[in-house]
Amino acid sequence: DFYNEKTIRASQGAIFDVYHERVDLANRIKELKEDGYLIVGATAHGDTFNKNKSKKIALILGNEGAGISSEVLALLDLETTIKTESVESLNVSVAGSILMYEWSK
Numbered sequence: 002d003f004y005n006e007k008t009i010r011a012s013q014g015a016i017f018d019v020y021h022e023r024v025d026l027a028n029r030i031k032e033l034k035e036d037g038y039l040i041v042g043a044t045a046h047g048d049t050f051n052k053n054k055s056k057k058i059a060l061i062l063g064n065e066g067a068g069i070s071s072e073v074l075a076l077l078d079l080e081t082t083i084k085t086e087s088v089e090s091l092n093v094s095v096a097g098s099i100l101m102y103e104w105s106k
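Note that the sequence shown ends on residue 106 in the numbering used here; no numbers are left out.
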């Protein structure tokens, strides 16, 4: 929820300065696939993934507690994970940042 009190507080009010929209994710994924995107989901049990620089990628990040829904998992082309030995889980923004950084190299 964009306007949840905790969300607003965590963003320090920046939520009001960033474009965002609520969409039907399953439909959006289908549109992205039609546009040539590889749909990659961050899960706890995926493989490490080396980005193909010529391929457009849509990264799906799930809820920190529940992960990606089963409906959306079924639409993924690949599941990827961040291999860690001493950390059980990461904040979703940290996980997304790590994956995008690795793929940008």
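Where a beta carbon is used, it is the ideal one built from N, C-alpha and C, also for glycine. Please read all numbers here as calculations on a predicted model, not as lab measurements.
Asked                                                                                                                          : Found
On a Cα-Cα basis, can you pick out the residue from Tyr20, Leu91, Arg29 that is closest to Glu65?                              : Leu91
Start and end of the alpha helix (DSSP H) containing Val95?                                                                    : 93–105
Identify which residue in Leu77, Thr85, Ile99, Ser94 has its Cα closest to the Cα of Asn28.                                    : Leu77
Does the region 16–28 come close enough to the region 39–53 to have 3 or more Cβ pairs within less than 8 Å?                   : no
Unbroken beta strand (DSSP E) runs of length 3 or more, entirely within the region 50–77: which are they?                      : 57–61
Going by C-alpha distance, which of Leu62, Val19, Val24, Lys84 is nearest Ile40?                                               : Leu62
Along the beta strand (DSSP E) that carries Ile83, what are the first and last residues, could you check?                      : Ile83 -> no beta strand (DSSP E), and no H or E assigned at all.
Is it right to say Thr8 is buried, meaning 16 or more other beta carbons lie within 10 angstroms of its own, or is it exposed? : exposed
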